[in-house]
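Worksheet for the structure shown next.
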Amino acid sequence: MFSRFSEEAQKALINAKREMNNLRHPYVGSEHLFLSILSMKDLEITKVLASYNITYEIFKKELIRIVGVGKESNEWFLYTPLLKRVIETAILNSKEKGEVEVSVNELLLAILEEGEGVAIRLLIGLNIDVDEIYNSISKDSKVSNKALHKKLLVEDFAVNLNKKVISNEVDPVIGRDDEIKSLIEILCRRGKNNPLLIGEAGVGKTAIVEELARRIVDGNVPKPLKGKTILSLPMANLVAGTKYRGEFEERVSKILKELEENDDIIVFIDEVHTIVGAGGAEGAIDASNIIKPALARGKIQLIGATTTYEYHNFIEKDKALNRRFQIIMIEEPTKDKTKEILKKLKPLYEAYHFVSISDDIIDLIVELSDTYIYEYYQPDKSIDILDEVCTKASLLESKSDTILSRINTELGEVISNKKKAIIKQDFDLASTYKEKEKELLTKKNDLELNLMTKRKPKKITKEMVADVIYLKTKIPVYEINKSSRKIINNLDKSLKKIVLGQDEIITDLCNRVKKVRLGFQDKPHIESFLFCGRTGVGKTLLVKEFANLLYGESNFIRLDMSEYKEAHTVSKIIGSPPGYVGFDNHLTVLDTIRMHPHSVILLDEIEKASGEVMKLFLQVLDEGVLTDSRGRKVRFDNVFLFMTTNLGYSNDSIGFTESKNNIDIEEFLGVEFVNRIGKIYYFNDISSDVIHKIVEKRLYVLIEGFKKKDLKIKISPTIVDKIIKESNYPKFGARRVDKVIDEVVTPIIVDAWYNGKKEITV
Numbered sequence: 001m002f003s004r005f006s007e008e009a010q011k012a013l014i015n016a017k018r019e020m021n022n023l024r025h026p027y028v029g030s031e032h033l034f035l036s037i038l039s040m041k042d043l044e045i046t047k048v049l050a051s052y053n054i055t056y057e058i059f060k061k062e063l064i065r066i067v068g069v070g071k072e073s074n075e076w077f078l079y080t081p082l083l084k085r086v087i088e089t090a091i092l093n094s095k096e097k098g099e100v101e102v103s104v105n106e107l108l109l110a111i112l113e114e115g116e117g118v119a120i121r122l123l124i125g126l127n128i129d130v131d132e133i134y135n136s137i138s139k140d141s142k143v144s145n146k147a148l149h150k151k152l153l154v155e156d157f158a159v160n161l162n163k164k165v166i167s168n169e170v171d172p173v174i175g176r177d178d179e180i181k182s183l184i185e186i187l188c189r190r191g192k193n194n195p196l197l198i199g200e201a202g203v204g205k206t207a208i209v210e211e212l213a214r215r216i217v218d219g220n221v222p223k224p225l226k227g228k229t230i231l232s233l234p235m236a237n238l239v240a241g242t243k244y245r246g247e248f249e250e251r252v253s254k255i256l257k258e259l260e261e262n263d264d265i266i267v268f269i270d271e272v273h274t275i276v277g278a279g280g281a282e283g284a285i286d287a288s289n290i291i292k293p294a295l296a297r298g299k300i301q302l303i304g305a306t307t308t309y310e311y312h313n314f315i316e317k318d319k320a321l322n323r324r325f326q327i328i329m330i331e332e333p334t335k336d337k338t339k340e341i342l343k344k345l346k347p348l349y350e351a352y353h354f355v356s357i358s359d360d361i362i363d364l365i366v367e368l369s370d371t372y373i374y375e376y377y378q379p380d381k382s383i384d385i386l387d388e389v390c391t392k393a394s395l396l397e398s399k400s401d402t403i404l405s406r407i408n409t410e411l412g413e414v415i416s417n418k419k420k421a422i423i424k425q426d427f428d429l430a431s432t433y434k435e436k437e438k439e440l441l442t443k444k445n446d447l448e449l450n451l452m453t454k455r456k457p458k459k460i461t462k463e464m465v466a467d468v469i470y471l472k473t474k475i476p477v478y479e480i481n482k483s484s485r486k487i488i489n490n491l492d493k494s495l496k497k498i499v500l501g502q503d504e505i506i507t508d509l510c511n512r513v514k515k516v517r518l519g520f521q522d523k524p525h526i527e528s529f530l531f532c533g534r535t536g537v538g539k540t541l542l543v544k545e546f547a548n549l550l551y552g553e554s555n556f557i558r559l560d561m562s563e564y565k566e567a568h569t570v571s572k573i574i575g576s577p578p579g580y581v582g583f584d585n586h587l588t589v590l591d592t593i594r595m596h597p598h599s600v601i602l603l604d605e606i607e608k609a610s611g612e613v614m615k616l617f618l619q620v621l622d623e624g625v626l627t628d629s630r631g632r633k634v635r636f637d638n639v640f641l642f643m644t645t646n647l648g649y650s651n652d653s654i655g656f657t658e659s660k661n662n663i664d665i666e667e668f669l670g671v672e673f674v675n676r677i678g679k680i681y682y683f684n685d686i687s688s689d690v691i692h693k694i695v696e697k698r699l700y701v702l703i704e705g706f707k708k709k710d711l712k713i714k715i716s717p718t719i720v721d722k723i724i725k726e727s728n729y730p731k732f733g734a735r736r737v738d739k740v741i742d743e744v745v746t747p748i749i750v751d752a753w754y755n756g757k758k759e760i761t762v
């Protein structure tokens, strides 16, 4: 277990258990290890400690006075978490110094370096200067005195960004020179030198701070920032484990005191709005009120990062906190800048995933992510897609990979069989397996060598990018995917098979869709259509099937406008105003559209909507954007908006002219609204030929369903005529066809099936 430790260090660890047993304590802690080292009086280190009046007898007496002696000894032993950290620290320090073994000196230094625990408290109680002992013992070390002071409490909760840079764990930042310059200038001010980075999630706020840490490590910063260390401090880490009132405040106060005493540390708090209210349960003071005085005194330097929404809702409301920060707005980079960023990062991903990425692929990723993914921001969303595409490509097995996998499986079986033969003392069989093992190992080594020398990186293709976009959005990428292009090309044929009697409308609609998909637009805008016609002519059916073929059922959003008759129903679309009950609790129409930015929206029977709701959709038609009650904008650039109406088509009138219909629509919806609609289609009334085809189609579906149940059905022309007559198609279109079939035909067929008939004529 302790093979890495010197003989003396092993003895110290073993004797620590003995000291625990002697004191009948339930665990082995740093105090027992310290006592064990003091018991080894021949060591030079114990003589150094004795010069500070620290002996085995004095330390043990103080330990018994403070901790006491237990009632019974334990046969088992358990190391405390602190002692485990001490051992790990000793091992790491020895490695850094190039030492083969961990010495007793390193164990003692690790106890002092941790700066906490019973052993340290006892030394402090004996009026011993721990730092002086540490420096005295470590004076021959190559590490600077500054690095050798006892570990700070803040380091237990924070991540050292400087170390991340040194370990090459930070990606380079491109195109943020102005923001980094502003950050440096604020940090170098005499007062109010706490920058606050505000920007949407994914625009690169954290990356800017990491880039500052890189420049500090490289020495590429002004003199006031040279030698600084940036510690990233998550608030969740600070709150964790503070069960009782006062613990959190005590922890934060200690950390602030450390930061005031160590002016070479800059603290970075991502999601800085979380300090408002953090740890403030049951009337306790929250983190923001503890930190504000330190910020006001200018004793600590803090970099914060948050989103615009959180800034307005948490920090801006607290005037005292807000004025301590200097704001730097981090805008989303442009498409050209995002492409530049990805091209700089490209070598990192090529090396990591062993793939080949062309500049055209980078351009395509940025274009498609900007077009199809709205809820995230650049460059984060493009980097995510790049990483995912590379991962998928690297996991594709080549023919050589498959062979190698098969050889490894066979080799494992041969080795297992060889061991079984040896156990059975069948050495001839074991020798056979041994030869087979050598043969397979030779094949494996040759193949691996061949892969290493001749293997080429996998090339990222446009189809791979399109597949990843589809997996993320469930939307086919028509620009790339050939099968998706085929769907668009055959869209009119597919729709004409489903919606009968409206061929001209379907042809014109599909031609407009093809132009939109190819990008023949002056600027991005919402595609809007108004379907006018009497009930049952196929308006809603056409929209449903259009959505299903183009985007899939999950991206079809239907709003029954009879549910939006009242003015207050606006809240269903954009949300309730702040302060109202349920403000944050329900899903709005805009939330649904935000989750499905490429969708087909149907406003069914638009004439039933209230004036307030109509005003909202007037804004959508005009600007293609709506803002919800939280101030978030939702774009409609890639939405197909359909509206249906029965205006101008009364049940008693037949054959209204298009001009008369248009007058009714403009009078009811308003000229301003109608003029912003992209295209108005007037649906044909259902003719006798069309209703015949519809009835025959519905009956065919019924017949095919019962054919699977071993019942053959023949439909007579008389029953078809009866269905057409009772459906009253001049008045109701095809709407009543299914109902009439259920009343006239279905009962006869059901009775025949239950009576065991195999064939029937209706």
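Here UniProt numbering is used: position 287 in the sequence shown is 287, and no number is missing along the way.
Where a beta carbon is used, it is the ideal one built from N, C-alpha and C, also for glycine.
>> Quick test of your reading: Val639 and Ile526, contact by CB under 8 Å. State the CB separation rounded to the nearest angstrom.
In response: 6 Å
>> Tell me the DSSP secondary structure of Ser144 in three-state form.
In response: Only weak support is given to the placement of Ser144: the predicted model assigns it a pLDDT of 34, under 50, and the value that follows is read from those uncertain coordinates. Three-state result, Ser144: coil.
> How is Val69 classed by DSSP in three states: helix, strand or coil?
Replying inline: coil
>> Measuring CB atoms only, is the region 300-316 touching the region 186-203, in the sense that at least three cross pairs come out at less than 8 Å?
In response: yes
> Under a three-way DSSP split, which group does Tyr376 fall into?
Replying inline: coil
>> Tell me which residues share the same chain as Lys472 and place their Cβ nearer than 7 Å to its Cβ, disregarding the 5 neighbours each side in the sequence.
In response: Ile373
> Straight-line CA distance for Ser576 to Ala119?
Replying inline: 59 Å
> In the structure shown, what three-state DSSP assignment does Thr761 receive?
Replying inline: strand
>> Going by DSSP, what residue range makes up the alpha helix (DSSP H) through Ile111?
In response: Val104 to Glu114
> Which one of Ser39, Pro597 and Glu185 has the shortest CA to CA distance from Glu57?
Replying inline: That would be Ser39, whose Cα lies nearest to the Cα of Glu57.
> Mind checking Glu72: buried by the 16 CB within 10 Å criterion, or exposed?
Replying inline: exposed
>> Please tell me whether Ile460 and Ile341 are closer than 7 Å, where the distance is taken between their beta carbons.
In response: It is not a contact, given that the beta carbons lie outside the stated cut-off.
> Who pairs with Arg635 in a beta bridge, going by DSSP?
Replying inline: Val625
> From Asn289 to Leu49, what does the alpha carbon distance come to, in whole angstroms?
Replying inline: One C-alpha to the other measures close to 43 Å.
> Helix, strand or coil: how does DSSP classify residue 765 here?
Replying inline: The structure shown has nothing for residue 765, since the chain only spans 1 to 762.
> What first and last residue would you give for the alpha helix (DSSP H) that runs through Ile715?
Replying inline: In the DSSP assignment, Ile715 falls outside any alpha helix (DSSP H), carrying neither H nor E.
> Cα-Cα, which of Leu647, Asn684, Lys420 and Lys709 is closest to Asn755?
Replying inline: Lys709
> What does DSSP give as the partner residues of Asp270 in its beta bridges?
Replying inline: By DSSP's assignment, Asp270 forms a beta bridge with Ala305.
> Considering only residues of the same chain and omitting the five flanking positions on each side of Val537, which have a CB-CB separation below 8 Å?
Replying inline: Gly501, Gln502, Phe683, Asn684, Asp685, Ile686, Gly733 and Ala734
> Based on Cα-Cα distance, which residue from Ala609, Ser599, Asp387 and Met595 lies nearest to Thr548?
Replying inline: The question names Thr, but residue 548 in the sequence shown is Asn. The candidate whose alpha carbon is nearest that of Asn548 is Ser599.
> So what does Val477 bridge to, in DSSP terms?
Replying inline: DSSP output for Val477 lists no bridge partner at all.
> Quick one: what does DSSP say Glu88 is sitting in, helix, strand or coil?
Replying inline: helix
> Cys532 by DSSP, collapsed to three states: which one?
Replying inline: strand
> Ends of the beta strand (DSSP E) at Arg558?
Replying inline: Phe556 to Asp560
>> Restricting to Cα atoms, I'd like to know which of Ile415, Tyr551, Met235 and Arg214 is closest to Ile166.
In response: Arg214
> Anyone know if the C-beta pair for Ala90 and Glu106 falls short of 7 Å?
Replying inline: Contact flag set, yes.
> In angstroms, rounded to a whole number, what distance separates the CA positions of Asn220 and Glu316?
Replying inline: 33 Å
> Of the residues Ile498, Ser716 and Arg698, which one's Cα is nearest the Cα of Asp742?
Replying inline: Among Ile498, Ser716 and Arg698, the Cα nearest to that of Asp742 is on Arg698.
> Hey, how far is the Cα of Asp652 from the Cα of Arg534?
Replying inline: Since pLDDT at Asp652 reaches only 48, below the 50 mark, its modelled position is unreliable, and the value read off the structure follows with that caveat. Whole-angstrom Cα-Cα distance: 11 Å.
>> Given this structure, state the Cα-to-Cα distance separating Leu123 from Ile133, to the nearest angstrom.
In response: Whole-angstrom Cα-Cα distance: 10 Å.
>> Along the chain, where does the alpha helix (DSSP H) containing residue 765 start, and where does it finish?
In response: What the structure shows of the chain is the stretch from 1 to 762, and residue 765 is not part of that stretch, so it cannot be assessed.
> What residue does the alpha helix (DSSP H) around Lys493 start on, and which one ends it?
Replying inline: Leu491 to Ile498
>> Just to confirm before moving on: does the CB-CB distance between Phe268 and Val217 stay below 7 Å?
In response: For Phe268 and Val217, no; Cβs fall outside 7 Å.
>> Quick check: the region 354-373 against the region 235-255, are at least 3 beta-carbon pairs closer than 8 Å?
In response: Under the Cβ criterion (8 Å, minimum of three pairs), the region 235-255 does not count as touching the region 354-373.
> Of all the alpha helix (DSSP H) runs that stay within the bounds of the region 189-230, which reach a length of 4 or more residues?
Replying inline: 205-218
>> Applying the 10 Å Cβ sphere with the 16-neighbour rule, what's the burial state of Val701?
In response: exposed
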